[in-house]
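Novice:
Numbering (this note's numbering), first residue to last: 968 to 1148.
#1: Could you give the first and the last residue of the continuous beta strand (DSSP E) run that contains residue 1125?
#2: Rounded to the nearest angstrom, what separates residue 1091 and residue 1083 at their Cα positions?
#3: Within its chain, find whatever has a CB closer than 8 Å to the CB of residue 986; leave out the 5 residues flanking it on each side and keep chain order.
#4: Whether or not the region 989-996 and the region 1052-1063 are in contact is what I'm after, with contact meaning three or more pairs of Cβ atoms, one per stretch, closer than 8 Å; do they touch?
#5: What residues match up with residue 1051 in a beta bridge as DSSP calls it?
#6: Secondary structure at residue 1138, three-state DSSP: helix, strand or coil?
#7: Taking the straight line between their C-alpha atoms, what separation do you get for residue 1018 and residue 1107?
#8: Take the Cβ of residue 1070 as the centre, count every other Cβ of all protein chains shown within 10 Å, and call the residue buried at 16 or more, exposed below.
#9: Does the beta carbon of residue 1088 come closer than 8 Å to any beta carbon on chain B?
#10: What does DSSP give as the partner residue(s) for residue 989 in the beta ladder?
#11: Can you tell me which of 1079, 1104 and 1110 puts its alpha carbon nearest to the alpha carbon of residue 1085?
#12: Let me make sure I understand the geometry here. Which of 1143, 1041 and 1024 has the alpha-carbon closest to that of residue 1009?
#13: Between the C-alpha atoms of residue 1033 and residue 1098, what's the straight-line distance to the nearest angstrom?
#14: Can you name the start and end residues of the beta strand (DSSP E) that residue 1015 belongs to?
And the structure:
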């Protein structure tokens, strides 16, 4: 019984903290080297958040993500990769192995974060915010697979999400990025 009470209190605490988040700037995540990465450092930039995996049929999207980052990235736009092992254990590596894989195979230069969980009981609080309208104020979504993309405005607010099947150069993302002045 005590275990359930502690679980309930923990979930309530997390939910209370997440509900208080109006935008992504109040979150701090870990980069792939394990350092704190305050999302407030991205104020004024459009952000594309992507859950990634190294052993997935969609892994070649890393190439398109890098191309997109090279074309649009900089002062106004950034991509954040969040490795996750939630789907058929397609991201089994350590952070160091993931960083090496991304660099050697796709020349990834956009920021990669530490491996997290994007769904389930151990879902990272950022993904709880991204996927629940009651928290983000825009829409609820379910992370269906690796390489689902979330578009974040310059104000740190959710714009919407792009399903895995759509590549990074899909019309919705290019139209959104073309608004960068």
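Don't be surprised by glycine CBs; every beta carbon is placed ideally from N, CA and C.
Model, not experiment: these values are computed from the prediction.
Specialist: On the basis of the coordinates in this document:
#1: One-based indexing of the chain shown puts residue 1125 at position 158. Element bounds for residue 1125: 1125-1129.
#2: As a working note, residue 1091 is residue 124 in the chain shown. As a working note, residue 1083 is residue 116 in the chain shown. The alpha-carbon atoms of residue 1091 and residue 1083 are separated by roughly 6 Å.
#3: Position 19 of the chain shown holds residue 986. Residue placement at residue 986 cannot be trusted, given a pLDDT of 49 that sits under 50; what the coordinates show is reported in the next sentence. So the qualifying residues of the chain are 1101 and 1102.
#4: no
#5: On the chain shown, position 84 is the one that residue 1051 refers to. Partner(s): 1083.
#6: For the purposes of this step, residue 1138 is taken as the residue at position 171 of the chain shown. If DSSP states are grouped into helix, strand and coil, residue 1138 belongs with the helices.
#7: Walking along the chain shown from the start, residue 1018 turns up at place 51. Walking along the chain shown from the start, residue 1107 turns up at place 140. If I take the Cα positions, the gap works out to 17 Å.
#8: By 1-based counting over the chain shown, the position of residue 1070 is 103. Label assigned to residue 1070: exposed.
#9: The structure shown contains no chain B; it is built from a single protein chain.
#10: Within the chain shown, the letter at position 22 stands for residue 989. DSSP lists no partner for residue 989.
#11: On the chain shown, position 118 is the one that residue 1085 refers to. Nearest of 1079, 1104 and 1110 to residue 1085, Cα basis: 1110.
#12: What you label residue 1009 is simply residue 42 of the chain shown in a count that begins at 1. Ranking the options by Cα distance to residue 1009, first place goes to 1041.
#13: Along the chain shown, read from residue 1 onward, the residue named residue 1033 stands at position 66. Along the chain shown, read from residue 1 onward, the residue named residue 1098 stands at position 131. Residue 1033 and residue 1098: Cα-Cα distance of roughly 24 Å.
#14: Start at 1 with the first residue of the chain shown, and residue 1015 comes out as number 48. Looking at the DSSP string, the run of the beta strand (DSSP E) that includes residue 1015 is 1013-1019.
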